Each structure stands twice: as C-alpha cells, then as structure tokens.
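Beneath this line is the structure, given in structure tokens, with notes to follow.
What follows is the structure in structure tokens.
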C-alpha cells in the first residue's frame, strides 16, 4: 500500500542511492528553491543544479494501479511506464523494462496531470492581482496614469508581445503548491491590460524555465479593462471595445499594406512599423485562440457578437452565468474557459444591498458546467484567482454536486484544455507518446478524503504527503520534507 | 450634467420592490407566445395623439401591430381581452434622452472626439432601470453617450424590452445617432481627471468640431480615391487605414447618422448651426437646449428639434437662464419639441413633466402629450412606426388608471410590440414570492461553507455609512472597480 515501498532492480538501486546521497547534501547546503531563483544552471557544476536536471533517472513503472487514461476506458489494474519524460506504455499487461524503478500501484489511482487553464502561477508577484476578466466600465478613480494615452494610436494597456513563457519566475512558490495539488500544467497568462500578452502552456516541473515550456504562444487573452479616469483613453467599457476593434483592423491592414507595398513601392508610403500590429497579425495568421471576457450573461452575448464581427478564432472565459446561456454558447461553437472561482457573498456584506440577481448567481453559478456539458459545449476549468490550490478541486466538486458528471469534470481538467490549447498531442491523457504528467492518488480525485501521493511532471517524480508516513525502515532519520520534491533526490 | 439625486426622493414611492431579476433568455421565451396572438383592449379612453380622444374605444393588436382602433372594433372570438373600463390608453412614452441600459461608463471622457465609442456595444437589457421606466410608461429610449466631449460616442434608439437579448433592443431601422456637446461639460469646467484636456474654451470647442470634420472629409476622400483607382484596375494599392473614430462622422456627412447635441447657451447653439452649414451636415436635435426660447426661430428655420426639460435648471452657470416656458415657446415658434428625462427617475413621470407645459405656456392637452410621444418619435425619425395610436403602427401602448395628465395617474400596463412588459397587478402578485426566494437564498448564502450558522450577532454586518453603500455595484458578477458614475457622471 505504501508507495514508498519500492521494488527496484539491483543495478538501479545503487544509482539511486548515490543520487539520493548527493541530493541530501544538496538539500542540506542550499535550498533548491533559492538555487532555482537564481536562474537556470549554467554548467551543472553545483550539486543541486546538476542533479536536478541531468542526474535524475526518469524511468518509472507504476504497476497494478487503477488507471484513468481519460482518452479511453478505465484500466482497473494496469501499468504505466514512463521513460525520459514520456509515457512509453500503458495497459493491463504493459511490459515493464528491466531498468525502470517500479512503483507498487496497488490501491492507487493514476490520472493524467491536471491542467489549470488560466492562471498567473509562475509569473511571480501577480499573486494578488484581480482574476482575469478585469475591471468593467469606468474603473475606480485612481491617480493619473503614468503614461497618458490620447487615443488608439497610443496603444493603451497593450503589450501583446509579452509571452508568459519569457517571464517565468521560478521563485513563485505557487509552482510547487499547484503541483502538489495535482496541477502539473497551467495556461499561464499575463493579465494586466487590454491586450496583456500571450498565454503559454507551462509544465509545473522543477526545471530550468525553458524546459517547463510546452507551448509558448498558446493564447491571446483580451480584457476590456479601462484607464481609471478621464485623463487617459479608454476610460469606459465601450471605449475599450472600440479600441480593440481598431487594433484588429490595424493589424489586418498592416498585413495587407505591407504586402501591397512590397509588390509595388512607387508612389506609395511604406506602412509604418508597429509591433502591436505585427504581433497581432501573427496571432491572427496562426489561429492562436483569442480569449474574450465572458464574465456574465451580457459579456457572453458580447463575446459571441464580437468574435463574429471581428472574424477571429475566439474562445470565451468566465462563463459563470453559463447556466442561463448554455444554448447560446453551444450555438456559437466557441469553446469556454470556465472560472472555478465561484462568486459568493463576501464576509460582512450589507444584506440590504444584495440583489436577488446576485443571490441567484451565487446559488447557481456552480451549475454552469453541467449546463454547458448538457448543451455539448467544450469547456475547460481555470482557477481564476483562487489563492489556495487545494480549493480548486473543492470548487470542481461543487460543480459535480450541481449536476456535472465526474467524467466531464475530469475532461475539463485534462483533455479539454489540452485540445483547446492545441497540445492534445502531448498532454491531457495517459497514452503512449504523451508527456509523462501524472497524478497518483489513493482514491477518487473528487473525494475530499482522497490524498495525492505522487505527481509526475515531465517524467520527474514529486512525492506528496511524505511527512505523514513513517521513516524508511532501518534508514537514517531525515527531516520532514517540505515541498515534496526532495524525495526524488535533488 | 444634471443635479442628480436632488429630485430622486419623490419618485421612490413607486414600486421600490421592483428589483427582481429576469434573465434574457427567460424573458425572451416568455414573450414569444403572446406576440403572435391577438389582443383586444376595450372600453378605454384612447388618446390617439393624431386623431383626438376616443371614449369607450377599443384597440385590436395583431402580430405586435395596431390592427384596428375606434369606437367599435370587431375582434376574433379567441382574442385575449383587456377590459380597460375607466382607464386611459395612450402611445407609449418616448424618452429622447436617456442613459439607462448601459453597461459601464456612459462617458468615454478621455478624448475630445470619442466617436469610436458606441453605446450599441454595451447595451444592457437587464438593467433594472428599464423595468422601472416601463412602470412609468416609457417604451422607447434614445440612449445617449455622455456629454464630456465636443463629439461624443455613437448613440442608439432602443425599445425597452426588459430581459430581451441585447441585439433585440435596438429599434429596427431607426437611424443611429452621435452625441455632440457644447459648454461647460466639454471644457471639463466642473470636473475632470488629474490631467487637463483640450479644449478649455468655447473657441476650442468650435475648433475641435471643425478639425474633426476636416479630418473626416479627408478620410472620406481617401476612400473615394482608393475605390476609384481600384475600380479602374490599379493593382497593389495600399488601402486607407480604417478609422473607427472618423467613420461615424463620415456617416453624419452622408446623412446616415443623426446628431443629438447637448447644449445650453444660445450663442453656442448658433455656433454649431454655422459650423454645420459650412461643412454640410445636419443637426437633428439640440438636447437640454434650455435657452432654446432665445433661438427658436433659427432652430425652426434649420429644421432642428429641441428636446428639453420641463422645469429643471440652475444646477450650473450655463443653466441659469432657463425658464419653464421653454417647451411652449419653442413649440409656438414651430420647433418640434420633446421633453426628456436624462435621468432614470425623471423618466418614470414624463407624463407629469409634459403636463407642466400646460401650466407654463398654455399648451393644450394634446400638445402637452405630444411632447413625450409623437414629437420625440419625429425627432428620432421613427414617427412612421410609433408615437400615436393609429392602425398599422407598433402596438406600443401604456394604460393608466387616470388621465395621464393627472398626478393621480398610475401606469397599469405597458405594452411593446403587443407584448405586456409591465403589468402592475402581476408585479404586485409576484412580490411575495420574490421576497421569499430572496430570503431563502440569502440564508443559504450566509451559511455557505459553514458547518453551522453562527449566532445572529456575530454574522450581522457592520452598519455602513451611506457613501459606502453608494459605491456598491448594482450588477452581479462584475469585477472589482465597476462604477457607472466615474468623474462626476457628466451627462
């Protein structure tokens, strides 16, 4: 039952022992978190850096476990083989190669690594920022903006060239906490601005930043946020929408104008370079999903209308009113990123000011996923500003309690986001050839009592809940593991 | 900018419990059946506006249109009958100046020319103010951008179909508009952000408008040139860059969009008429136009409507030379005049606002009611469809229990396209159920995630100061920071 009790081949155990010994030294001398905060290792000469990357064997077989591949039927007793970060075999009778570390999966369940399809995890200090979706209408009256925008030509609140994959901050403690909650992967998105940048699919491994990146340019999120006062454009929701209308038009114009100019320069002004135009033009050409805010009914209607008007490859995010709008969303064929951060009554709220409309939303929002599933909408879940990652699955459970099937819930955490982000060839299910991202539990994922025992990201094993178990028989006493990733010998 | 709130108290007696919630979809489904049916309103005093009053008259509604009206009307046996004995039916009220049903700020106040902003993008059919105005007999609103800019955003005429889908609100085929504004608001005289904005003077306002139309004409010409050369077969031409700011101004020049211009002082009104003449565009209405009585002849000569208040003035310097005779005096000089609300509360008793013009200026009953029905319809170019009770027009009707010119008149039903959007009896009947639902959901929300409810004293929220309450968003699901009244709400 104890996953720590491993069957090892003799040869491998020697190697593992050596690795563990060096790792223990590394842990003792220097915290891995601090080491990684200083950036990716340069040469592999330092103990912790060298081991974290190159020194660890990534050959595992989980044997005799219940396997939920998501892409196919559940295997009640089967084996998953991982080699060098890839799932090499899965099945009831999968062959276990001689060189792998075999983990007894008896009593355990193996799921694909969970995907948080919208988060700032990994971007560091954005932890306290508002959830994506941003402010609506005229925002609060704030101080004068540092950069005054006098119209669309000034490209206010616009930085689409910022790619989350380029901005990763490995010191962000949430990388570890999200991983320990079963989230091996995130759609990590910058979120400050109307066009804040591009979202990247990131594996929450303890690796150099570049190796965590699955897909750098996965999404182009839009939020119709505003400047805080009349001092800078746009200060209104309608101004923000008008601005994006102009920008998409400009990006397309630039493509056309550049082509026309290249073909015939005489008598024509060369189109002025503008990096927003260039970046958006590339995103439009590559069919990168453009994410439109759909935080409520009105915004859902608007997202559908604007996606049609602008002729963009769009998805919507938010959709907590989806229970009222499922058929309209289904008809639009737009995929949906559903915010799991369910709205609720704030502590100390003035009851007299609360409307029936709000109360109904608070009561029914978690039934939105069930309504979307019934209508045939493809949707994925995202944490939308949830601070404690342990709450995420509890919020999924609320959706299940409100009628969503556990199968559909699991899809919204795995294969659906993988498809929506164009990485389903690599992520989202347990199948041969996929990236070795797994969550190993001692029970049903959505049962509150279930504990996550192991998380595999990119083939690295991260052991969870180690502190609850007794020390290894006959082994030297080790201090309690704190972040759960030291167990693999880093 | 109106002195919002000063007059707010008196309207509050009306149906404060109305803040119930319909979803777009639920409402849309409810409506579809009734619309195709046939309804007979009988035994009513019918105020047709165009053909006098009909005592004990009937109106037959079929497919959302007025199929027949008169002292005796034949109806199919299965028609739904509304017995309006002792009641008064008049055309639904048309408010030529409103800011309800807008999601977000009504002012893109950052630019002197914010023509790219479009109310159509942010229409909110779930705004409870729509329902409250239905309870005041309003069926159509000219939803305007705010007045913080010489040239403001694009505007739209809507039917007050509470709970319909956003795209079902706009009045079909009504010409869209654009808000212009003159005077203190556009100079940011009484408010503004931390950074000053051009223009600061009335001279600057004129220059801003002239500059915008100069650019619009150049833009219009650039497209004309491009299209001509392209049609002639030239290859690889770089097209002009689309400009969402100038597009609506080109539409104004081409007569495809109305100008509704916020104005107070007579010399500014004359200024815009001169600029319009020079650039070849038309002004459709002057809004507020509190000094309209001084320039009524010029307005009439230019066929420009005046949409004013009954007796609301002195809330800022430029509103000091207003008189309550304004509507009557402009009417006497041949101007098409309407009385508007500019305010979600004022809109609930526009019938009374119209009645004041009988006291101030001696308009007759029909002239007074025209100010809130047929005249605004003419100003908005929709008088072929609405504004009077005539065969073939839209069945947009309001039923009062007294003469609508009386202060005792209370709206019983408000009908749009043949469908009842407000019914006083149904509203009253619904209140207890809604209150119960609210209480139950409130208890549930309070106990969310708690093992057991805490003692009442602990859960009771601290009493908040009034100004803190006012910050509360009226909408659910809005992200932090939502405010409909940024920077003084220049209207």
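Chains as they are written, first to last, in this note's numbering: chain A, 55 to 544; chain B, 241 to 731. C-beta: ideal position from N, C-alpha, C; glycine also. Note that the structure is predicted; figures quoted are calculated from it, not measured.
Collapsed DSSP secondary structure at residue i in the structure displayed
{"i": "residue 510(A)", "result": "strand"}
{"i": "residue 504(B)", "result": "coil"}
{"i": "residue 545(B)", "result": "strand"}
{"i": "residue 102(A)", "result": "Below a pLDDT of 50, predicted positions are generally treated as unreliable, and residue 102(A), at 37, falls in that range; the measurement from the model is reported next regardless. Correct three-state label for residue 102(A): helix."}
{"i": "residue 280(A)", "result": "coil"}
{"i": "residue 350(B)", "result": "coil"}
{"i": "residue 641(B)", "result": "coil"}
{"i": "residue 389(B)", "result": "coil"}
{"i": "residue 579(B)", "result": "strand"}
{"i": "residue 151(A)", "result": "coil"}
{"i": "residue 454(B)", "result": "helix"}
{"i": "residue 446(B)", "result": "helix"}
DSSP bridge partner residues for residue i (one or two, in chain order)
{"i": "residue 382(B)", "result": "397(B)"}
{"i": "residue 411(B)", "result": "Per DSSP, none; premise fails for residue 411(B)."}
{"i": "residue 528(B)", "result": "503(B)"}
{"i": "residue 158(A)", "result": "117(A)"}
{"i": "residue 173(A)", "result": "242(A)"}
{"i": "residue 419(B)", "result": "500(B)"}
{"i": "residue 275(A)", "result": "345(A)"}
{"i": "residue 370(A)", "result": "346(A), 390(A)"}
{"i": "residue 137(A)", "result": "113(A), 140(A)"}
{"i": "residue 434(A)", "result": "391(A)"}
Contacts that residue i makes with chain B (C-beta to C-beta distance below 7 Å)
{"i": "residue 291(A)", "result": "343, 344, 345, 362"}
{"i": "residue 442(A)", "result": "Here the premise fails: no neighbours, minimum Cβ distance about 13 Å."}
{"i": "residue 386(A)", "result": "In chain order: nothing, as chain B lies at least about 13 Å away."}
{"i": "residue 325(A)", "result": "478"}
Per-residue burial, residue i [other beta carbons within 10 Å of its own, 16 or more giving buried]
{"i": "residue 377(A)", "result": "buried"}
{"i": "residue 428(B)", "result": "buried"}
{"i": "residue 636(B)", "result": "buried"}
{"i": "residue 326(B)", "result": "exposed"}
{"i": "residue 294(A)", "result": "buried"}
{"i": "residue 291(B)", "result": "exposed"}
{"i": "residue 634(B)", "result": "buried"}
{"i": "residue 438(A)", "result": "buried"}
{"i": "residue 240(A)", "result": "buried"}
{"i": "residue 317(B)", "result": "exposed"}
{"i": "residue 443(B)", "result": "exposed"}
{"i": "residue 668(B)", "result": "exposed"}
{"i": "residue 379(A)", "result": "buried"}
{"i": "residue 350(B)", "result": "buried"}
{"i": "residue 539(B)", "result": "buried"}
{"i": "residue 560(B)", "result": "exposed"}
{"i": "residue 234(A)", "result": "buried"}
{"i": "residue 160(A)", "result": "exposed"}
{"i": "residue 459(A)", "result": "exposed"}
Listed by chain order, chain A residues near residue i by CB distance under 8 Å
{"i": "residue 348(B)", "result": "287, 288, 289, 290, 292, 293, 296"}
{"i": "residue 688(B)", "result": "398, 399, 416"}
{"i": "residue 209(B)", "result": "Outside the displayed span of chain B (241 to 731) sits residue 209(B), for which this structure offers no information."}
7 Å Cβ cut-off: residues of chain A touching residue i
{"i": "residue 405(B)", "result": "355"}
{"i": "residue 354(B)", "result": "293"}
{"i": "residue 461(B)", "result": "In chain order: nothing, as chain A lies at least about 16 Å away."}
Contact set between residue i and chain B, taken where Cβ atoms lie within less than 8 Å
{"i": "residue 311(A)", "result": "478, 479, 481"}
{"i": "residue 281(A)", "result": "350"}
Within chain A, the residues that residue i reaches when beta carbons sit closer than 9 Å
{"i": "residue 398(B)", "result": "Going along chain A, no residue has its Cβ under 9 Å from residue 398(B), so there is no contact; the nearest lies around 14 Å."}
{"i": "residue 393(B)", "result": "290, 292, 293, 296"}
Boundaries (first-last residue) of the beta strand (DSSP E) holding residue i
{"i": "residue 305(B)", "result": "305-310"}
{"i": "residue 393(A)", "result": "390-393"}
{"i": "residue 652(B)", "result": "651-656"}
{"i": "residue 302(B)", "result": "293-302"}
{"i": "residue 331(B)", "result": "328-331"}
{"i": "residue 283(B)", "result": "278-287"}
{"i": "residue 492(A)", "result": "492-495"}
Chain-ordered neighbours of residue i on chain B, where CB pairs are closer than 9 Å
{"i": "residue 455(A)", "result": "None at all; the shortest Cβ gap to chain B is about 13 Å."}
Bounding residues of the alpha helix (DSSP H) (the contiguous stretch that carries residue i)
{"i": "residue 571(B)", "result": "566-572"}
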